[in-house]
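Undergrad: Order-wise, the sequence lines are chains A and B.
Residue numbers for the first sequence follow my numbering, so the first one is -11 and each next one is one higher.
Residue numbers for the second sequence follow my numbering, so the first one is -11 and each next one is one higher.
There are 2 protein chains.
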Amino acid sequence: MKLNWNERGRGRHMIKKIENYIRENGLLEKGDKILLGLSGGGDSMALLSVFTELKEEWELELHGVHVHHGIRGEEADRDEELVRKACEDLQIPYTCYRYDVQKMAREEKMGVEEAGRKARNETFEDVLKKWQGDKIALAHHKNDLAETMLHHLARGTGLRGIGGIRPMSGKIIRPLLCLEKKEIEHYLKEKEIPYGLDSTNLSDSYTRNRIRHQVLNTMVREVNQEAVAHLAEAAEIAWEADEYLRAMSNMHLEIYSKKTDRGIVLEEEIFKEPHIIRMYVYQRVLELLLGNKRDISRVHMKQIETLIKKNVGKKVSLPYELEARRTYGGILFARKTEAGKLLLEKAILKEPVLLHMDGPTYIPGGKIISRKFVYQGEEIPEKTYTKWFDYGKIKKKLCIRPGMEGDFLIVNREGNKKKLNRYFVDHKVPREDRNKILLIAEENEILWVLGMRISEKYKVTNETKEILELRYEGGK
Amino acid sequence: MKLNWNERGRGRHMIKKIENYIRENGLLEKGDKILLGLSGGGDSMALLSVFTELKEEWELELHGVHVHHGIRGEEADRDEELVRKACEDLQIPYTCYRYDVQKMAREEKMGVEEAGRKARNETFEDVLKKWQGDKIALAHHKNDLAETMLHHLARGTGLRGIGGIRPMSGKIIRPLLCLEKKEIEHYLKEKEIPYGLDSTNLSDSYTRNRIRHQVLNTMVREVNQEAVAHLAEAAEIAWEADEYLRAMSNMHLEIYSKKTDRGIVLEEEIFKEPHIIRMYVYQRVLELLLGNKRDISRVHMKQIETLIKKNVGKKVSLPYELEARRTYGGILFARKTEAGKLLLEKAILKEPVLLHMDGPTYIPGGKIISRKFVYQGEEIPEKTYTKWFDYGKIKKKLCIRPGMEGDFLIVNREGNKKKLNRYFVDHKVPREDRNKILLIAEENEILWVLGMRISEKYKVTNETKEILELRYEGGK
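1. Leaving out five residues on either side along the sequence, give the residues of the same chain with a beta carbon under 6 Å from the beta carbon of residue 80 of chain A.
2. Measuring CB to CB, does residue 318 of chain A end up less than 7 Å from residue 255 of chain A?
3. From residue 435 of chain A to residue 374 of chain A, what distance separates their C-alpha atoms?
4. Can you tell me the Cα-Cα spacing of residue 408 of chain B and residue 44 of chain A, whole angstroms?
5. What does a CB cutoff of less than 8 Å around residue 212 of chain A pick up in its chain, not counting 5 residues either side in sequence?
6. Scan the stretch 188 to 256 of chain B and note each continuous alpha helix (DSSP H) run of 4 residues or more that stays entirely inside, going in chain order.
7. According to DSSP, residue 156 of chain A sits in a beta bridge with which residue or residues?
8. Please compile the residues from chain B whose C-beta is within a distance smaller than 7 Å of the C-beta of residue 219 of chain A.
9. Using the C-alpha atoms, what's the distance from residue 145 of chain A back to residue 84 of chain A?
10. How big is the Cα-Cα spacing for residue 24 of chain B and residue 163 of chain B?
11. Just to confirm, is the Cβ distance from residue 181 of chain A to residue 37 of chain A under 7 Å?
12. At what residues does the alpha helix (DSSP H) containing residue 139 of chain A begin and finish?
13. Pull out every residue of the stretch 245 to 279 of chain A whose Cβ sits closer than 9 Å to any Cβ of chain B, in chain order.
14. Indicate whether at least one CB of chain B lies closer than 7 Å to the CB of residue 538 of chain A.
15. Using a Cβ-Cβ distance under 7 Å, would residue 317 of chain B count as near chain C?
16. On the criterion of 16 or more Cβ atoms from any shown chain inside 10 Å, does residue 39 of chain A qualify as buried, or is it exposed?
17. Does the separation of the CB atoms of residue 88 of chain B and residue 61 of chain B fall below 7 Å?
18. Rounded to whole angstroms, what is the Cα-Cα separation between residue 401 of chain A and residue 168 of chain B?
19. Please report whether the beta-carbon of residue 291 of chain B lies at a distance below 7 Å from any beta-carbon of chain A.
20. Would you say residue 461 of chain A and residue 355 of chain A are within 7 Å of each other, going by their C-beta atoms?
21. What do you get for residue 449 of chain B, buried or exposed, if any count of 16 or more other CB atoms within 10 angstroms of its CB means buried?
22. Looking only at DSSP bridge pairs, what is residue 55 of chain B linked to?
23. When the Cα atoms are used, what is the spatial distance from residue 359 of chain A to residue 458 of chain A?
24. In the DSSP assignment, what residue or residues form a beta bridge with residue 443 of chain B?
25. Taking the Cβ atom as the reference point for each residue, do residue 198 of chain A and residue 210 of chain B lie within a distance shorter than 7 Å?
26. Name the two residues that bound the continuous beta strand (DSSP E) containing residue 362 of chain A.
27. So which residues on chain B does residue 14 of chain A lean against when the C-beta distance must stay under 8 Å?
28. Looking at the structure shown, is residue 270 of chain A part of a helix, part of a strand, or coil, going by DSSP?
29. Ignoring anything shorter than 4 residues or poking outside the stretch 16 to 62 of chain A, list the alpha helix (DSSP H) runs there in chain order.
30. Who are the near neighbours of residue 112 of chain A in its chain, counting only those whose CB is closer than 7 Å to its CB and skipping five residues on each side?
31. Looking at C-alpha atoms only, which residue of A:279, A:387, A:15, A:320 is the closest neighbour of residue 249 of chain A?
32. Compare the C-alpha of residue 362 of chain B against each of B:137, B:302, B:244, B:452 and name the closest.
33. Who are the near neighbours of residue 141 of chain B in its chain, counting only those whose CB is closer than 8 Å to its CB and skipping five residues on each side?
34. When DSSP labels each residue in this structure, what does residue 429 of chain B get in the three-state scheme?
35. What does DSSP give as the partner residue(s) for residue 126 of chain B in the beta ladder?
36. For residue 389 of chain B, which three-state DSSP category applies?
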């Protein structure tokens, strides 16, 4: 049977729509060398047809590639034959690659469908490289997008997953993503283009078929006829929102993070940003430390989030031997061993260090900066690591040191004392972490438990004349 | 049958979970007066039970309200009886309100389900007001949220709709939204609480039942057992993203918009913001002009978006007699009649106005500000309404005026002239709009077609010694 590929009048409407989509999304440039992924299914035959229509105007060089999965016997051979014949008719160079996907799946311990996808992706990449091509064109359409979105939603996803499939990702372009399956079917019929089975209809693609036939089709039939278009539109919005949130969190990351040779420190100023930005920032930090690992989940983000209200030294375990640890100035993300070292270093401060009353006092892992000034009713800062004290109440020299026997602090206006150890117990600071917490002390009386609270006794009041400001800064 | 409401040991786990959720989301305050919406369905009976457990600790005052829809005959009466009896047992004040929902639906031309919802909402609001209560507690759970999300997705929605139902909206709180239906069923069984039909199972709630039984249940059964929890989590993320985008676009709106007595002007600086921010800003502008109208769709946003690349005077029609119009400085949103007036006013400039070479020249609807300075190789601004000209090329006095016979401009480096009328035709400026476009002219030679282009002849080059900067500003 001879195809009527050349009747260019038919299907022009759809071609126009695709060309607009190509322009809007910058999918093609003049003179591009395009590899066409052709399964022989209807979508891919439409893709082939569309590209032969675009070829001249866009001065494209085309190369058809079919991946034979070595399953579905004669039927698969017929598909291959169909693609080969079509490319021949259209004078498009064509190559077929054969795999035994079932064997691959067994050997590499994956599902047959996953193995098939792997075979296709690797083949396309390989051929593109050898041929020095520019892009790989695939035949995904809006129904694929809608199905992917529903699949991701059921499995659990964020905005990225709701975003589904994109018109362009890396070298892959999907010019048919502006069309619904029914539009493609109409086009195939109008142009009398023969086609085989769609590759996603592989026998084991059980889940995908359930989503298509039961979930999505029910939505179209029973809820809204335009459900596919609506899902695709929502995907677009979710994708854009995700891109925007990524950009914003990268910006915040630049402002609020420090990269050290140990890991990444997020400064606590980030805690004031909205929850969703924090979640994106954590995600980004883990990506920076781990690369694009898939198994960082929202559960981990939520664990990190709990550190905000935890005491210094508290930590959560993350995948790949990472951990996040509450520090004086924020959260440290590091390999478990590295994070340990850092705290160890802080713990070196076994002997008291005398606090300079003006300027910095250096301690392992950071410094305390002092400043004295006359109080004129300014607003008292509510920062965790900048504190104001009533200078008039301070009678002796101040020390920076870990806790020791006999330490106490004043915990209310009535002047009641509380033993430091009791305070640690009440605030659930584990015994082994207590000696890692720094204190500002006047003999046995504690002015400030760093990262936690200051004594009521030294708080600024209406009678305060002079203020001592102490500020902790991490890093060297 | 006597209920064993008082066996407080049972179901404690679920109560704890709900209390955490209440705290996280600030749903209750001590001493709140809570109206309970009780259909008699399982969810609402669980709600009643949960609140009797919380009552003491939170010092709550409760009031049960049942709305009888006047349909489903005896069955509905049994539900009412069930709720009445339970409230009696628990010594909770109770009121039943009776409606003929079918009659309401006929009279107000709405679906029976919509009429039912209206009856319930109005009743709850009324009772709350009369009783001087604080909040209305409803029994929605995660499955309701997941169904709503899928329903919205099928009908077409943005992030807000993906966000679905919220734990708190206005006076309504939904403390069971942290639970799946199956958890509530387990609780009901454990506490042996009797219940009737869920109100959403009203006979005509066809679509909702299809979503529940065919779409959502298929996702759970065939794709992922935790699909309900996953959908609820995605809803949460989408909601947060939406809130963030709203906050960001409000910020941009404050920077880039001017409210006039005619409408709202969005300044063109907004065009540089990401697409999704622009869409949110348009939405917000329309909300400001129209209130929370439902039928502003994404289609309208996209129409507004096309104005960015259109010429001054181009407009798009919007619902409620609104229109958006491309102006010199951005986009004007106004009632159709008002927008018309503004352009008319610009068109008053029938006679040429001499341009001051230093400082502002006032014209109807705005001003042109001139500034001369020595060129020292600064970067030339690429703004639509700020232009630099080679002052040395200007030999005569400059005028601001609409086009006239004989006007021309230089359109390329070779110095080729183009008639102004030809230029307008090429750029598809409708004939009736041409006299509304302002020009800066040296006799018949045009330096600048405002909002469009400047002449090649006057462009700044390496030989330029002195620059004339002209800046157009709209408004009075």
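Using N, Cα and C, we set each Cβ at its ideal position, and we do this for glycine too.
TA: According to the data block:
1. Residue numbering aside, residue 80 of chain A sits at position 92 when the first sequence is read from its first letter. Closer than 6 Å at the Cβ level, and outside the excluded window around residue 80 of chain A, lie 50, 52.
2. Stepping through the first sequence from its first residue, residue 318 of chain A is reached at position 330. Stepping through the first sequence from its first residue, residue 255 of chain A is reached at position 267. Against a cut-off of 7 Å, the Cβ pair of residue 255 of chain A and residue 318 of chain A comes out as a contact.
3. For this step, residue 435 of chain A is matched to residue 447 along the first sequence. For this step, residue 374 of chain A is matched to residue 386 along the first sequence. Between residue 435 of chain A and residue 374 of chain A, the C-alpha separation is close to 13 Å.
4. For this step, residue 408 of chain B is matched to residue 420 along the second sequence. For this step, residue 44 of chain A is matched to residue 56 along the first sequence. Looking at the two C-alpha atoms, the distance is approximately 36 Å.
5. The sequence position of residue 212 of chain A within the first sequence is 224, counting from 1. Closer than 8 Å at Cβ, skipping near neighbours: 218.
6. 194 to 198, 215 to 244
7. The residue given as residue 156 of chain A occupies position 168 in the first sequence. Residue 156 of chain A pairs with A:161.
8. Position 231 of the first sequence, counting from 1, holds the residue named residue 219 of chain A. Within chain B, the residues near residue 219 of chain A are 141.
9. Within the first sequence, residue 84 of chain A is the residue found at index 96, counting from 1. Within the first sequence, residue 145 of chain A is the residue found at index 157, counting from 1. Answer to the nearest angstrom: the Cα atoms are 36 Å apart.
10. Position 36 of the second sequence holds residue 24 of chain B. Position 175 of the second sequence holds residue 163 of chain B. Their backbone Cα atoms lie some 11 Å apart in a straight line.
11. Translated into positions along the first sequence, residue 181 of chain A becomes position 193. Translated into positions along the first sequence, residue 37 of chain A becomes position 49. Their beta carbons are under 7 Å apart, which means residue 181 of chain A touches residue 37 of chain A by this criterion.
12. The count along the first sequence starts at 1 and reaches residue 139 of chain A at position 151. Looking at the DSSP string, the run of the alpha helix (DSSP H) that includes residue 139 of chain A is 130 to 143.
13. 262, 263, 264, 265, 267
14. Absent from the structure is residue 538 of chain A, since the part of chain A shown begins at -11 and ends at 464.
15. In the structure shown, chain C does not exist; the protein chains are A and B.
16. Looking up residue 39 of chain A in the first sequence gives position 51. Classification for residue 39 of chain A: buried.
17. Within the second sequence, residue 88 of chain B is the residue found at index 100, counting from 1. Within the second sequence, residue 61 of chain B is the residue found at index 73, counting from 1. No, they are not a contact pair.
18. As a first step, residue 401 of chain A must be located in the first sequence, where it is residue number 413. As a first step, residue 168 of chain B must be located in the second sequence, where it is residue number 180. Straight-line Cα distance between these residues: approximately 47 Å.
19. Translated into positions along the second sequence, residue 291 of chain B becomes position 303. By this cut-off, residue 291 of chain B is not an interface position.
20. Walking along the first sequence from the start, residue 461 of chain A turns up at place 473. Walking along the first sequence from the start, residue 355 of chain A turns up at place 367. Cβ atoms of residue 461 of chain A and residue 355 of chain A: closer than 7 Å.
21. Reading the second sequence from its first residue, position 461 is the one you call residue 449 of chain B. Looking at its Cβ environment, which holds fewer than 16 other Cβ atoms inside 10 Å, residue 449 of chain B is exposed.
22. As a first step, residue 55 of chain B is located in the second sequence; it is residue number 67 there, counting from the start. According to DSSP, residue 55 of chain B bridges with B:85.
23. The residue you call residue 359 of chain A lines up with position 371 of the first sequence. The residue you call residue 458 of chain A lines up with position 470 of the first sequence. So the two alpha carbons sit approximately 7 Å from each other.
24. Taking the first residue of the second sequence as position 1, residue 443 of chain B is located at position 455. BP columns for residue 443 of chain B are empty, so no partner.
25. Locating residue 198 of chain A in the first sequence gives position 210, where the first residue counts as 1. Locating residue 210 of chain B in the second sequence gives position 222, where the first residue counts as 1. Result yes, Cβ atoms of residue 198 of chain A and residue 210 of chain B sit closer than 7 Å.
26. Taking the first residue of the first sequence as 1, we reach residue 362 of chain A at position 374. Counting along the chain, the beta strand (DSSP E) containing residue 362 of chain A begins and ends at 354 to 362.
27. Start at 1 with the first residue of the first sequence, and residue 14 of chain A comes out as number 26. Within chain B, no residue comes near residue 14 of chain A; the closest Cβ sits about 14 Å away, beyond 8 Å.
28. In the first sequence, the residue the question calls residue 270 of chain A occupies position 282. Helix, per DSSP.
29. 30 to 46
30. Locating residue 112 of chain A in the first sequence gives position 124, where the first residue counts as 1. The answer, listed in chain order, is 23, 25, 53, 124.
31. Here residue 249 of chain A is taken as the residue at index 261 of the first sequence, counted from 1. Minimum Cα distance to residue 249 of chain A is reached at A:320.
32. The residue labelled residue 362 of chain B in the question sits at position 374 within the second sequence. Comparing Cα positions, the closest option is B:452.
33. Here residue 141 of chain B refers to the residue found at position 153 of the second sequence. Excluding sequence neighbours, residue 141 of chain B sits near 149, 150.
34. Sequence index remark: in the second sequence, residue 429 of chain B carries index 441 (1-based). In this structure, residue 429 of chain B counts as strand in the three-state DSSP scheme.
35. Numbered from 1 along the second sequence, position 138 holds the residue referred to as residue 126 of chain B. Looking at the DSSP assignment, residue 126 of chain B forms no beta bridge with any residue, so it has no partner.
36. The count along the second sequence starts at 1 and reaches residue 389 of chain B at position 401. Residue 389 of chain B falls in the strand class under three-state DSSP.
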